[in-house]
Structures are given as structure tokens and as C-alpha cells.
């Protein structure tokens, strides 16, 4: 049952149980935007401090980090995943802002189309990121 | 902080205009990456980079504070937690306060650590 058909089949005001409805695609983007934001704050930002302090200590530690990135696949893979989480938040965030400033329409059909477009653009971006970072 | 969060219009605009700054900053980093490259010299001696990264970190903490506060007041409430269990619902306000204290402390630590690594 989708959120909309759920509302249409009910004739009386009820509380919506967020755990029991099937999300439309635009709601999926909205909740994953929130989850990626939480992950950035509690995971990406704290770990980026470690990387940044290593990169800026002195030329040797900078070279050492770069060397580790190219030789240790775990570190490389971790960096790519963290950057993809960050990029996902930005792509979904740009769509939200375009809606907030009324550049994108918020109707059900047009928000579905912009959600698909966002996911396709993010997938292309993810491939380009892998191509540059691997 | 409590008073700032009562102005929904201010926080709404702060979160969106900070996001515009993030996009500009990332475009600047992307441009540097493809032209002169991200070098040790750039990270430690380029004052434009150091100043714009400092602003980025401060705005990111403000942006995250508003976003995490919104998420907390959406989900860590008596009503939403009540979908899971009545006892969780009863302690919703306490849980939300603990959550808010954790992200406030972490945000302040991130900002202080970054600023001191950038400039000292």
C-alpha cells in the first residue's frame, strides 16, 4: 500500500504509523538524505579530521598518507565510500533546495521524475568518482 | 542555542544558504584538484583555502546542528517512539535531550579540532 492509497482508503483522521507505510520514491530520497546527513556528521567528519591532520602535519606525513592510499586497498575503499555518502547528500540536497526555492515542482508526478533524475545523475557521478579515485 | 532554534525562518534560511556555500567551496576544491592539484603546500600555506575551509567547517556544524535538531524533534518524540514501544515513548523527552547533548558536544569538538589543525 502506498502512502497516497493509504490516505485515500481512510475516511477518518488517523495517526500515520511511519513504520508501516510503503515509501514513494521521493520519500525514499528524503529519508536517505537524512540518513546520509547523520552518517556525515557522526562518521565522515570525525574520520576526515584524522586524514586532514595527517595530511597537514608535514611533507613526510602527507606523502605517507598518499602512499598508504595507493597501497592499502582498505584505506582507499574507505575513503571512496565516505566520499560517496557525502556526494549522495549533496545530490539529494540540491534537489531539495530546487524544490524549496520553487524551481522544481513539488507535485507527485514531477517529484517522482526529479527523484529518478537525481538518482541517475548520482549513479553517473559515482562512476566518475570511482574512475578518478581508484 | 534554544533561542536560535525558536526562529524557524532563520534556521531554515541558514541551512539552505550554508548549503549554497558548500557547493561553491566544493567547486573551488574541484577546480584546484584539476588545475594545480591538492598539494601539501596548498593545504598548509594557501590562505584562501585555509579561510574558506574554516568557514566551511563552521557552517557545516551549524547546518548539521539544525538538521540533527530537526531529525530529533521529528523522530525522538512521544508519538513516534510510541510506534515502537510505550516505555520508549515515556522516556522520549529524556532520550532527545541526551541525543541533543551528544551532537552539540561532537559538533563543538569537530569545529575546535579543525580550526586548530588549520591555523596552529
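Chains as they are written, first to last, in the working numbering: chain A, 1 to 134; chain B, 1001 to 1120.
Glycine included, each C-beta is placed from N, C-alpha and C at the ideal position.
Computed from a predicted structure; not experimentally measured.
Proximity winner among the options, relative to residue i (alpha-carbon distances)
| i | options | result |
| --- | --- | --- |
| residue 1097 of chain B | B:1044, B:1079, B:1073 and B:1005 | B:1073 |
| residue 1059 of chain B | B:1114, B:1119 and B:1095 | B:1114 |
| residue 1079 of chain B | B:1090, B:1069, B:1036 and B:1070 | B:1090 |
| residue 58 of chain A | B:1045, B:1065 and B:1049 | B:1045 |
| residue 131 of chain A | A:76, A:63 and A:44 | A:76 |
| residue 1106 of chain B | A:31, A:30 and A:49 | A:49 |
| residue 86 of chain A | B:1120, B:1052 and B:1064 | B:1064 |
| residue 31 of chain A | A:92, A:103 and A:109 | A:92 |
| residue 33 of chain A | B:1006, B:1068 and B:1051 | B:1068 |
| residue 1111 of chain B | B:1003, B:1061 and B:1023 | B:1061 |
| residue 1118 of chain B | A:119, A:88 and A:56 | A:56 |
| residue 1100 of chain B | B:1057, B:1084, B:1075 and B:1116 | B:1075 |
| residue 123 of chain A | A:111, A:109, A:88 and A:110 | A:88 |
| residue 51 of chain A | B:1052, B:1040, B:1055 and B:1047 | B:1040 |
| residue 20 of chain A | B:1003, B:1028 and B:1083 | B:1083 |
| residue 1012 of chain B | A:101, A:46, A:63 and A:62 | A:101 |
| residue 78 of chain A | A:106, A:60, A:43 and A:63 | A:43 |
| residue 1015 of chain B | B:1028, B:1056, B:1109 and B:1102 | B:1056 |
For residue i, the three-state DSSP class (helix, strand or coil)
| i | result |
| --- | --- |
| residue 1050 of chain B | helix |
| residue 76 of chain A | helix |
| residue 1066 of chain B | helix |
| residue 1077 of chain B | coil |
| residue 1085 of chain B | coil |
| residue 1036 of chain B | coil |
| residue 1045 of chain B | helix |
| residue 96 of chain A | helix |
| residue 102 of chain A | coil |
| residue 1120 of chain B | coil |
Contact test: residue i Cβ vs the ligand ATP heavy atom, cutoff 7 Å
| i | result |
| --- | --- |
| residue 1094 of chain B | Absence of the ligand ATP from the depicted structure is noted, as is the absence of any ligand whatsoever, leaving it without description. |
Residue i - containing alpha helix (DSSP H), residue span
| i | result |
| --- | --- |
| residue 24 of chain A | Unbroken run through residue 24 of chain A: none, as it is neither H nor E. |
| residue 976 of chain B | Because chain B spans 1001 through 1120 in this model, residue 976 of chain B falls outside it and cannot be assessed. |
| residue 70 of chain A | 59-71 |
| residue 1091 of chain B | Segment: none, residue 1091 of chain B is in no alpha helix (DSSP H) and carries neither H nor E. |
| residue 132 of chain A | 108-133 |
May I ask you to list, following chain order, the residues of the segment 22-45 of chain A that have a beta carbon less than 8 Å from some beta carbon of chain B? 34, 37, 38, 40, 41, 42 and 45
Cβ-based contacts, 8 Å cut-off: residues of the segment 1040-1055 of chain B near chain A: 1040, 1043 and 1044
Cβ contact check for the segment 22-38 of chain A and the segment 110-120 of chain A: 3 or more pairs under 8 Å: yes
If contact is defined by three or more beta carbon pairs under 8 Å, each pair taking one atom from either stretch, is the segment 91-103 of chain A in contact with the segment 1016-1025 of chain B? yes
Examine the Cβ distances between the segment 82-93 of chain A and the segment 32-39 of chain A and report whether three or more of them are shorter than 8 Å. yes
Mind listing which residues of the segment 1085-1102 of chain B have their C-beta closer than 8 Å to chain A's C-betas, in chain order? none
Taking a cut of 7 Å between CB atoms, which residues from the segment 57-68 of chain A lie near chain B? 59 and 62
Along the segment 1003-1027 of chain B, what residues have a CB closer than 9 Å to any CB found in chain A? 1012, 1016, 1019, 1020, 1022, 1023 and 1026
Which residues, taken in chain order from the segment 112-134 of chain A, show a beta carbon closer than 7 Å to some beta carbon of chain B? none
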